[in-house]
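A short worksheet on the structure shown next.
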Amino acid sequence: MATEVLMPALSPTMEEGTLAKWLIKEGDTVSAGDIMAEIETDKATMEFEAVDEGIVGKILIPEGTEGVRVNTPIAVLVEDGETVSDAAPAAPAQALAPADKAQSSEDQPAAGMSHPEPVKAITRAEAPWPAGTKTKQTTVREALRDAMAEEMRRDEDVFLMGEEVGEYQGAYKISQGLLDEFGARRVMDTPITEHGFTGIAVGAAFGGLRPIVEFMTFNFAMQAIDQIINSAAKTLYMSGGQMGAPMVFRGPNGAAARVGAQHSQDYAAWYAHIPGLKVVMPYSASDAKGLLKTAIRDPNPVIFLENEILYGKTFEVPEIEDYTVPFGKARVWREGSDVTIVSFGIGMTYALDAAEKLAKDGIEAEVIDLRTLRPIDYDTVIASVQKTNRCITVEEGFPVGAIGNHLSAVIMERAFDYLDAPVLNLTGKDVPMPYAANLEKHALLTTAEVIEAAKKVCYR
Amino acid sequence: MAARKPSAKAASLPNVSAEELTTYYRDMLLIRRFEEKAGQLYGMGLIGGFCHLYIGQEAVVVGLEAAASEGDKRITSYRDHGHMLACGMDPNGVMAELTGREGGYSKGKGGSMHMFSKEKHFYGGHGIVGAQVPLGAGLAFADKYKGTDRVTFTYFGDGAANQGQVYETFNMAALWALPVIFVIENNQYAMGTAQKRSTSTPDLHTRGEAFGIPGEAVDGMDVLAVKAAGDKAVKHCRSGKGPYILEIKTYRYRGHSMSDPAKYRTREEVQKMREERDAIEHVREMLLQGGHATEDDLKAIDKEIKAIVNASADFARESPEPSLDELWTDIYAEEAV
Numbered sequence: 001m002a003t004e005v006l007m008p009a010l011s012p013t014m015e016e017g018t019l020a021k022w023l024i025k026e027g028d029t030v031s032a033g034d035i036m037a038e039i040e041t042d043k044a045t046m047e048f049e050a051v052d053e054g055i056v057g058k059i060l061i062p063e064g065t066e067g068v069r070v071n072t073p074i075a076v077l078v079e080d081g082e083t084v085s086d087a088a089p090a091a092p093a094q095a096l097a098p099a100d101k102a103q104s105s106e107d108q109p110a111a112g113m114s115h116p117e118p119v120k121a122i123t124r125a126e127a128p129w130p131a132g133t134k135t136k137q138t139t140v141r142e143a144l145r146d147a148m149a150e151e152m153r154r155d156e157d158v159f160l161m162g163e164e165v166g167e168y169q170g171a172y173k174i175s176q177g178l179l180d181e182f183g184a185r186r187v188m189d190t191p192i193t194e195h196g197f198t199g200i201a202v203g204a205a206f207g208g209l210r211p212i213v214e215f216m217t218f219n220f221a222m223q224a225i226d227q228i229i230n231s232a233a234k235t236l237y238m239s240g241g242q243m244g245a246p247m248v249f250r251g252p253n254g255a256a257a258r259v260g261a262q263h264s265q266d267y268a269a270w271y272a273h274i275p276g277l278k279v280v281m282p283y284s285a286s287d288a289k290g291l292l293k294t295a296i297r298d299p300n301p302v303i304f305l306e307n308e309i310l311y312g313k314t315f316e317v318p319e320i321e322d323y324t325v326p327f328g329k330a331r332v333w334r335e336g337s338d339v340t341i342v343s344f345g346i347g348m349t350y351a352l353d354a355a356e357k358l359a360k361d362g363i364e365a366e367v368i369d370l371r372t373l374r375p376i377d378y379d380t381v382i383a384s385v386q387k388t389n390r391c392i393t394v395e396e397g398f399p400v401g402a403i404g405n406h407l408s409a410v411i412m413e414r415a416f417d418y419l420d421a422p423v424l425n426l427t428g429k430d431v432p433m434p435y436a437a438n439l440e441k442h443a444l445l446t447t448a449e450v451i452e453a454a455k456k457v458c459y460r
Numbered sequence: 461m462a463a464r465k466p467s468a469k470a471a472s473l474p475n476v477s478a479e480e481l482t483t484y485y486r487d488m489l490l491i492r493r494f495e496e497k498a499g500q501l502y503g504m505g506l507i508g509g510f511c512h513l514y515i516g517q518e519a520v521v522v523g524l525e526a527a528a529s530e531g532d533k534r535i536t537s538y539r540d541h542g543h544m545l546a547c548g549m550d551p552n553g554v555m556a557e558l559t560g561r562e563g564g565y566s567k568g569k570g571g572s573m574h575m576f577s578k579e580k581h582f583y584g585g586h587g588i589v590g591a592q593v594p595l596g597a598g599l600a601f602a603d604k605y606k607g608t609d610r611v612t613f614t615y616f617g618d619g620a621a622n623q624g625q626v627y628e629t630f631n632m633a634a635l636w637a638l639p640v641i642f643v644i645e646n647n648q649y650a651m652g653t654a655q656k657r658s659t660s661t662p663d664l665h666t667r668g669e670a671f672g673i674p675g676e677a678v679d680g681m682d683v684l685a686v687k688a689a690g691d692k693a694v695k696h697c698r699s700g701k702g703p704y705i706l707e708i709k710t711y712r713y714r715g716h717s718m719s720d721p722a723k724y725r726t727r728e729e730v731q732k733m734r735e736e737r738d739a740i741e742h743v744r745e746m747l748l749q750g751g752h753a754t755e756d757d758l759k760a761i762d763k764e765i766k767a768i769v770n771a772s773a774d775f776a777r778e779s780p781e782p783s784l785d786e787l788w789t790d791i792y793a794e795e796a797v
C-alpha cells in the first residue's frame, strides 16, 4: 500500500517551510532512518528522515519550493511492484492538529468571570479560641518549636532538616530540644547547600515522607527556589494528580535589623504568586503554632514565612490539646468602622500600633491579619470594606507586584461601589535594604506612614 | 530455515540466556519504533512543544531495568520516553500524553517531559537540567528512612553533570550513604555543545572521587555490559554502601529535540555510530549468529512491536482532549496522594 510522506513540522512554531533539497530520487529504496530531504524551517535547515520503508514512487513537491504547508504530501512511497497510480490519489492533508477540533476551548466562557456577590458577613474581633480557654504566655519561637514537636510525635514520617537545626539547636533556636527528643534520624543537620538539600527533601516527599525544611533565612532559599517552584509546586499538576510534595518550607523572612540588602527581603508576594504552593505568614504565637501544625498536615507544599524580630515576642497561646488554625481564614484583631487596615506577619505591628494612635484622633480602624496569603480570605476583607468604605494595606515587601496591589484589584472588582477613597498600598521602599540605621528605618515601614495613609483615605 | 530452538543457557552468551537476550532485543526495539512513531506524529503536528527522542540510547535503560527489582525507583530528565517504556509503563498512555490527550499518563497536563507512574515507581520526567538529581537522592533518602532495601536509579546526562546541584547531591548522598545509583547517560552532546567544549575533564565517572563515590565507565551500546554494570551498582547500593556512579557512554542519533538541525556534528559521525555500534543491531547479530533466533523469529518480533506502536498511535489520536474542567484540577491535593 502506498504511503504518503508529509511535510513535517520541525519546530514548535513551524507552519510552513522550504523544501530545500531532495536527497533521494524516484525509484530509490528507503528505510526508516534514511535522510530523505533537507527542509528549511523558520530557524534552521533540518534533515528529514524516513519513518517508513518503501520505494520512492513519486516526488510531489520539487526541491526549492518555498512555503510548503506542514502536512502537505511531498512524496509517495510504494511497495515493491506497486506503482503510484495504484496508490490512492494524494489527498490534501487532513486537519489533524488538536487545535482544529474547534468544539473545545473558545466556545465556553472562562471560569472566574461571574459577577461577584456582595459579602453579607459581619467582621468580629474575637480571640480564635473558645471564651474561657486557659492561655499561656508563649513566644513565637516556643510556639513554632511546640508545633513541630507535637507533629513529630504524631507522625513518624515528619522530620526536620536544615542548617544547624540539630546539634546547634537552631540558628535562631527554633528547633531547641528537638534533637534530644527525636534523634539525628529525624532532626537532620545538612551541609550549607540549599539547592541540594531542598531537592533531596522534595524527593523525600515524593517518596512518601513529610519533610520540614528549615531555611536559615528565606534569603538563602533563592538558591533553592527552582526546586520549590518547579519540583514541589508543579508536580501534582504535571502528574495529573498522581504524586505531589506534602512538605513545609519554613524560616525567617523579611528584614531583621542591620543585616544589609542580601539578608533583608520579604518573599511573601513571590511565593503567593505560585499556584500549587500554600503560603502562610503568621503574626502571633498562637497563629504560628496553629498554622504550622496545619501546614505540616497539609498534603501540599507550604511556604511558612516567619520573622526574626517576632521570634522573641510573647503572646497568649491557648492551652488546647492539638490546637490548629485553618488556612484561608483571616483574623480580625480590632473592630472599627472608619477604615480597614489589612496586613500580615510583622506588618501587623505597624497596623495595630497605628490603629491605637488613630483611635486617639477619633478614627476607628478595623485591623485584619490575613494570616495566609494563599489561600487569601477575600471575604473577610470585602465584608470589612463594605462596612468602612476605606482600605489601606500594610506589608514590608517591595511595592511592585505587592500583595496589597493584588488586594486593591480584588477590592475594586468586588466592592468598587462601596469605596469612598482609593485603596492605598503601604509597602517597603523600592530600594535594596541599606545598612545605616536611619536609612534602614525609612526603607521599611513606619507607624507614622500608616497613620498618615489612614487619615488620607478618611480625608482627615 | 533453522529449526533449532534457542537453548535456555546458550554457551556463547556469557551470563545471559537466549530468552533474556530476546527480551532485550524486543524492549530496545519497542523504544526505537515508538520514538520513530513519535517523531512522525510530531511532524504531523499531533505532538507539540519539545519532544526529545531516545533513539540510539536504548541499551542504557533496557540494560539497567534488567538489573532492577520490584520496588526500585527511577527518575530522569526530559528525554524520558525510553525510561517509561523500559520500566513497563503502557505505550498507549505515554503516546497519548505526547499528543496531550485524556488517556495520557498525566491526563494531557504534563506532556513529553512530564510523566509519572506511582505504580511503576517512575518519578518523572523533569525539565530543568540536573534538578532530578537531588530529587532522586531524596527518593533514596525516603527508602533509607523507612528502612527498606530499595535503590533509586537517578538518570542524568553529560550536560547535567556540570550542574552545581549534582555535586551538592553527591556530597550528601555519600555523607548519608543513600542507596542511589547516579546514571550519567553520556551521549556526548549537551544540546549542541560537544563534551570537549563544555567539560574540563572528560571522565565523568571519576566525578564522585572527591566525595568517595565509586564509579565506572560503561559501554552504553552494549546492553550486556550495561546490565553487568547495573548488577554491580545495585549490589553495592542495596548492601548499604551508599551511592554509585555509572557513566554510560552512549549516542543519540537524532537532534537534541525535534527542532534541532544538529549542525554541530557531521552526518558521517552519526552514520558511523549507526552502522558500527548500534545496540539493537548488536543484539540482533548475537541472536542470529549464535543460532538463538532465526530471521523469521526476529521478523515476528518486529511485527509484534510494530503492532504495539501503531496501536499506541491510534490510541493517542483517538483519545479525546482533556475536559476543560481539567484546567482547574490537581493544583492542590485535598488529601495525601
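Going line by line, the protein sequences match chains A and B. Residue numbers for the first sequence follow my numbering, so the first one is 1 and each next one is one higher. Residue numbers for the second sequence follow my numbering, so the first one is 461 and each next one is one higher. Quick reminder that beta carbons are idealized off the backbone N, C-alpha and C, glycines included.
Counting C-beta neighbours from all protein chains within 10 Å, is the total for residue i 16 or more, i.e. buried, or is it exposed?
| i | result |
| --- | --- |
| residue 282 of chain A | buried |
| residue 389 of chain A | buried |
| residue 439 of chain A | exposed |
| residue 412 of chain A | exposed |
| residue 218 of chain A | buried |
| residue 711 of chain B | buried |
| residue 542 of chain B | buried |
| residue 88 of chain A | For residue 88 of chain A, the predicted model reports a pLDDT of 49, less than 50, meaning its position is unreliable and no value from the coordinates is stated. |
| residue 138 of chain A | buried |
| residue 752 of chain B | buried |
| residue 714 of chain B | buried |
| residue 14 of chain A | buried |
| residue 794 of chain B | exposed |
| residue 153 of chain A | exposed |
| residue 441 of chain A | exposed |
| residue 607 of chain B | exposed |
| residue 732 of chain B | exposed |
| residue 304 of chain A | buried |
Counting only Cβ pairs nearer than 8 Å, list the residues of chain A close to residue i.
| i | result |
| --- | --- |
| residue 629 of chain B | 196, 199 and 200 |
What residues are listed by DSSP as bridge partners for residue i?
| i | result |
| --- | --- |
| residue 278 of chain A | A/302 |
| residue 343 of chain A | A/369 and A/394 |
| residue 252 of chain A | A/306 |
| residue 32 of chain A | For residue 32 of chain A, which the question treats as bridged, DSSP gives no partner whatsoever. |
| residue 425 of chain A | A/393 |
What does a CB cutoff of less than 6 Å around residue i pick up in its chain, not counting 5 residues either side in sequence?
| i | result |
| --- | --- |
| residue 480 of chain B | none |
| residue 635 of chain B | none |
| residue 399 of chain A | 427 and 430 |
| residue 33 of chain A | 49 |
Does any CB atom of chain C fall closer than 8 Å to the CB of residue i?
| i | result |
| --- | --- |
| residue 231 of chain A | Judged by its chain identifiers, the structure shown contains no chain C, and its protein chains are A and B. |
Excluding the 5 residues flanking residue i on each side, which residues of the same chain have their C-beta closer than 8 Å to its C-beta?
| i | result |
| --- | --- |
| residue 468 of chain B | Any reading at residue 468 of chain B must be qualified, since the residue scores a pLDDT of 45, below 50, and its modelled position is unreliable; the value itself is stated next. Cβ neighbours of residue 468 of chain B beyond the five flanking positions: 477, 478 and 479. |
| residue 164 of chain A | 170, 171, 189 and 216 |
| residue 464 of chain B | Because the pLDDT at residue 464 of chain B is just 43, under 50, the model does not fix this residue reliably, and the value given afterwards should be weighed accordingly. Result list for residue 464 of chain B: 751, in chain order. |
Between residue i and the rest of its own chain, which residues show a CB-CB distance below 7 Å, the 5 nearest in sequence each way excluded?
| i | result |
| --- | --- |
| residue 629 of chain B | 593, 594 and 597 |
| residue 405 of chain A | 425 |
| residue 570 of chain B | 557 and 585 |
| residue 384 of chain A | 123, 340, 366 and 368 |
Give me the chain B residues within the contact set of residue i, using Cβ-Cβ distance strictly less than 7 Å, ordered along the chain.
| i | result |
| --- | --- |
| residue 237 of chain A | 569, 790 and 791 |
| residue 384 of chain A | Under the 7 Å cutoff, chain B gives no residues; its nearest Cβ is about 26 Å from residue 384 of chain A. |
By the criterion of Cβ-Cβ separation under 7 Å, what are the contact partners of residue i in chain A?
| i | result |
| --- | --- |
| residue 758 of chain B | By Cβ distance, chain A contributes nothing, its closest Cβ being about 15 Å from residue 758 of chain B, past 7 Å. |
| residue 742 of chain B | Within 7 Å Cβ-Cβ: nothing; residue 742 of chain B doesn't reach chain A, min ~16 Å. |
Along chain B, which residues have their Cβ under 8 Å away from the Cβ of residue i?
| i | result |
| --- | --- |
| residue 252 of chain A | Simply none; closest approach about 22 Å. |
Name the chain A residues that come within less than 9 Å of residue i, Cβ to Cβ?
| i | result |
| --- | --- |
| residue 565 of chain B | 239, 240 and 242 |
| residue 514 of chain B | Result: empty, since nearest Cβ-Cβ is about 14 Å, beyond 9 Å. |
Take every Cβ of the stretch 752-767 of chain B, pair it with every Cβ of the stretch 185-203 of chain A, and state whether three or more of those distances are shorter than 8 Å.
Judged by Cβ distances under 8 Å, the stretch 752-767 of chain B makes no contact with the stretch 185-203 of chain A, as fewer than three pairs qualify.
Does the contact criterion of 3 or more C-beta pairs under 8 Å hold for the stretch 365-377 of chain A versus the stretch 328-339 of chain A?
yes
Using 8 Å as the Cβ pair cut-off and three pairs as the minimum, do the stretch 418-436 of chain A and the stretch 367-379 of chain A touch?
no
Cβ pair count under 8 Å reaching 3, the stretch 269-279 of chain A against the stretch 121-133 of chain A
no
Given 8 Å, three or more beta-carbon pairs between the stretch 282-293 of chain A and the stretch 227-239 of chain A:
no
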